[in-house]
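**Q** Got a structure for you, written out below as structure tokens; questions coming shortly.
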Amino acid sequence: MKSDPAKRIYDVQQFGEFGGVNPSITDSSTYTFLEGETMEETFQGHMEGCFLYSRHWNPSNKYLADALAAMEKTESAWVTSSGMAAITCSLLQLCHSGDHIVTSVTTYGGTYAFLKNWLPKYNIEVSFVDITNLEQVKNAIKFNTKVIYTETVTNPLLQVSDIPELAKIAHEAGAKLMVDNTFTPMIFSPAELGADFVVYSMTKFINGKNDCVAGAICGSKEFINQLSNVNDGTAMLLGPVLDPLRSSGILKNIHTLHLRMKQHSSNALYVALELEKTGLSLKYPGLQSHPQHELHTRLMNSQFGYGGILAIDFGTEKNANQIMYKMQQENVGYLAVSLGYFRTLFSCSGHSTSSEIPPEVQHEMGLSDGLVRLSIGLDNNIEEVVEKIKRCIN
Ligand code: PLP
């Protein structure tokens with residue numbers, strides 16, 4: 001076992017008012033001060049532990065952020081109202097007009113659209129690379145590169161990023177490595193592997209219930225302070241604050257994340273092994289046939305498995321749609337976007353969560369028209385589920 005994020009969360013002791021076993025939920029947008037002087041000092045960032053206004057910091061979000069920082073072994077963390085807010089606020093904090101970003105071409109479609117369509121409007125240049133080709137990454141670096149951006153296991157192609165090597169390339173160039181670990185919380189500890197910042201869509205595995213949208217940024221205390229700076233912090237000024245009621249729910253769910261990840265992983269591995277036997281074209285990092293299986297094995301926190309996401313190529317969109325229709329009829333799970341839910345979810349990536357990526361780029365990066373991404377649930381009857389999937393395919 002390399003690292004134990006579950007133990008680090010367990011070690012975080014947080015009590016509620018009156019000794020409650022869960023931290024109390026903050027039901028206030030603003031906070032009183034005894035004196036005007038203390039208020040001014042808090043505005044200037046000199047009063048650690050004081051709360052002034054809930055868009056800036058609030059106690060419920062601080063409890064969740066502290067648990068996330070412990071999980072990721074970073075000095076600090078910040079929670080946001082969506083995963084996209086975590087990604088966009090972090091990148092905009094780090095990059096100014098005239099800067100350059102190198103990114104994996106396979107990323108979540110919303111991230112791709114932000115990098116491709118939005119940042120160039122503000123004169124931030126972005127180079128898209130095959131993140132598994134380290135020579136290509138090195139060659140893309142320029143004098144003004146500020147960030148290398150990747151997903152630990154990319155959406156939806158499930159390529160595995162070599163975080164230690166990417167960190168080396170970034171640091172040699174005076175840049176930072178930012179990693180989206182949404183698919184693999186617990187399984188990977190990117191900051192321990194060398195990443196400077198770890199971002200999450202907590203909408204997915206971390207919360208695990210698909211009842212809210214939320215995000216997180218984990219990094220140095222200095223960076224989190226920059227994000228929340230009242231004068232030029234993106235998190236403070238763009239205002240994507242997470243509602244305290246939601247953050248208190250996510251904090252409770254994070255304490256079962258280790259168990260859920262193990263179950264998602266063992267179910268997904270079983271599905272992948274069984275379906276591979278039928279000759280289907282399948283991507284899953286736990287399979288020996290996966291091109292980065294060895295890399296994943298070397299970098300992962302082994303007790304949590306290879307994750308809950310797998311992708312099956314059904315050739316054409318028409319074929320994929322027919323099979324997904326049958327799988328929902330058979331109650332294998334739901335035909336829905338998103339992932340990390342307790343039930344299995346499936347969607348045809350090129351026509352949903354990656355549809356922002358133009359068809360010719362999808363084709364170039366190997367995203368087939370009929371690729372279906374499955375987020376395998378916590379099912380206790382996975383053998384039965386596999387039999388159902390086989391019936392839907394035939
Ligand atoms: N990162 C990844 C890998 C995702 O899959 C998603 C959403 O699907 C996001 C980020 C965006 O997160 P959110 O929908 O919480 O804004």
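Under our numbering, the sequence shown has 17 at position 17, and the numbering climbs by one with no breaks.
Every residue, glycine too, gets a C-beta built ideally from N, C-alpha and C.
At which residues does the beta strand (DSSP E) containing T145 begin and terminate?
**A** Per DSSP, T145 belongs to the beta strand (DSSP E) from T145 to E151.
**Q** Could you name each continuous beta strand (DSSP E) segment of 3 residues or more that falls completely within the stretch 294 to 351, going from the start of the chain to the end?
**A** Entirely contained in the stretch 294 to 351, the beta strand (DSSP E) runs reaching 3 residues are, in chain order, 309 to 313 and 345 to 348.
**Q** Pick out the complete alpha helix (DSSP H) segments inside the stretch 43 to 110, 4 residues or longer, and give them in chain order.
**A** Entirely contained in the stretch 43 to 110, the alpha helix (DSSP H) runs reaching 4 residues are, in chain order, 59 to 72 and 83 to 94.
**Q** Could you name the residues of the same chain whose beta carbon sits closer than 6 Å to that of K283, not counting the 5 residues immediately before and after it, in chain order?
**A** Around K283: L158 and A311.
**Q** At a cut-off of 7 Å, is S201 close to the ligand PLP when judged by its beta-carbon and the heavy atoms of the ligand?
**A** The answer is yes for S201.
**Q** My understanding is that S189 touches N58, with C-beta atoms under 8 Å, so please give their C-beta distance in whole angstroms.
**A** Actually they are not in contact, since the Cβ atoms of S189 and N58 sit about 27 Å apart, beyond 8 Å.
**Q** Quick one: Cα of S82 to Cα of S352, how far?
**A** Cα to Cα, the separation comes out at about 18 Å.
**Q** From the DSSP output, in three-state form, read off C218 for me.
**A** Looking at C218 - three-state DSSP - the assignment turns out to be strand.
**Q** Could you check which residue in P359, Y122 and G110 has the C-alpha nearest to that of N155?
**A** The residue with the shortest Cα to Cα distance from N155 is G110.
**Q** Closest by CA to L251, which one among L238, P23, R8 and V105?
**A** Comparing Cα-Cα distances from L251 to each of L238, P23, R8 and V105, the minimum goes to P23.
**Q** So, A69 versus C218, is the Cβ gap smaller than 8 Å?
**A** Yes, the Cβ-Cβ distance between A69 and C218 is below 8 Å.
**Q** Taking one C-beta from the stretch 311 to 321 and one from the stretch 195 to 206 each time, how about it: are there three or more such pairs within less than 8 Å?
**A** Touching, no, given that fewer than three Cβ pairs across the two stretches are closer than 8 Å.
**Q** Opposite R373 in the DSSP bridges: which residues?
**A** A311 and S347, per the DSSP bridge assignment.
**Q** Run through the stretch 160 to 230 for me and flag every whole beta strand (DSSP E) of 3 or more residues, listed as ranges in chain order.
**A** Within the stretch 160 to 230, the complete beta strand (DSSP E) runs of at least 3 residues are 176 to 180, 197 to 201 and 215 to 219.
**Q** M261: which of F205, D243 and R8 sits nearest, CA to CA?
**A** Of the candidates F205, D243 and R8, the one whose C-alpha sits nearest the C-alpha of M261 is F205.
**Q** How should T145 be labelled, buried or exposed, when 16 other C-beta atoms within 10 angstroms of its C-beta is the threshold for buried?
**A** It is buried - the Cβ of T145 has at least 16 other Cβ atoms within 10 Å.
**Q** With respect to 7 Å, is the separation between the Cβ of S398 and the closest non-hydrogen atom of the ligand PLP below this value?
**A** This structure leaves residue 398 out entirely; the chain is present only between 1 and 394.
**Q** Taking the beta carbon of S349 as the centre, do at least 16 other beta carbons fall within 10 Å, making it buried, or is it exposed?
**A** The residue is buried, with at least 16 neighbouring Cβ atoms inside 10 Å.
**Q** Using the three-state DSSP reduction, which class does S281 fall into: helix, strand or coil?
**A** Correct three-state label for S281: strand.
**Q** Is it the case that the CB of S189 approaches a heavy atom of the ligand PLP more closely than 7 Å?
**A** Incorrect: S189 has no Cβ contact closer than 7 Å to the ligand PLP.
**Q** How far does the alpha helix (DSSP H) with S127 in it extend, from its first residue to its last?
**A** Segment E125 to V129 is the beta strand (DSSP E) holding S127; no alpha helix (DSSP H) there.
**Q** Would you tell me roughly how many angstroms separate the C-alpha atoms of L64 and P5, rounded to the nearest one?
**A** If you take the alpha carbons of L64 and P5, they lie about 15 Å apart.
**Q** To the nearest angstrom, report how far apart A320 and A173 are at their CA atoms.
**A** Between A320 and A173, the C-alpha separation is close to 43 Å.
**Q** For D211, does the count of other Cβ atoms within 10 angstroms reach 16, so buried, or fall short, so exposed?
**A** Exposed: under 16 other Cβ atoms inside 10 Å.
**Q** Smallest Cα separation from S265: which of H56, M324, L242 and F183?
**A** Nearest option by C-alpha distance: F183.
**Q** How about the stretch 269 to 288 and the stretch 327 to 334: do they share at least three Cβ pairs that are nearer than 8 Å?
**A** No, the stretch 269 to 288 is not in contact with the stretch 327 to 334.
**Q** Let me know the secondary structure DSSP gives T38 once reduced to three states.
**A** Note: T38 maps to helix in three-state DSSP.
**Q** Identify whether T30 lies in helix, strand or coil by the three-state DSSP scheme.
**A** It is a strand residue.
**Q** Do you know how far the Cα of S368 is from the Cα of T316?
**A** So the two alpha carbons sit approximately 8 Å from each other.
**Q** Take T106 as the anchor and find which of S354, I382, C392 and A140 has the nearest alpha-carbon.
**A** Nearest option by C-alpha distance: S354.
**Q** Within the continuous alpha helix (DSSP H) that includes S248, where are the two ends?
**A** Start and end: P244 to I254.
**Q** Beta carbon of N253: closer than 7 Å to some heavy atom of the ligand PLP?
**A** Because no heavy atom of the ligand PLP lies under 7 Å away, the Cβ of N253 does not count as near it: no.
**Q** From this set, K326, I376 and V386, which residue's C-alpha is nearest T344's C-alpha?
**A** The option with the nearest alpha carbon to T344 is I376.
**Q** Is the stretch 226 to 234 in contact with the stretch 86 to 98, if contact means three or more CB pairs nearer than 8 Å?
**A** Yes, the stretch 226 to 234 touches the stretch 86 to 98.
**Q** Take H258 and list the residues in its own chain whose beta-carbon comes closer than 6 Å to its own, dropping the five residues that flank it on each side.
**A** Cβ within range, chain order: A6 and M186.
**Q** Please name the residue in S76, Q44 and S28 whose C-alpha comes closest to that of Y53.
**A** With distances taken between Cα atoms, Y53 lies closest to S28.
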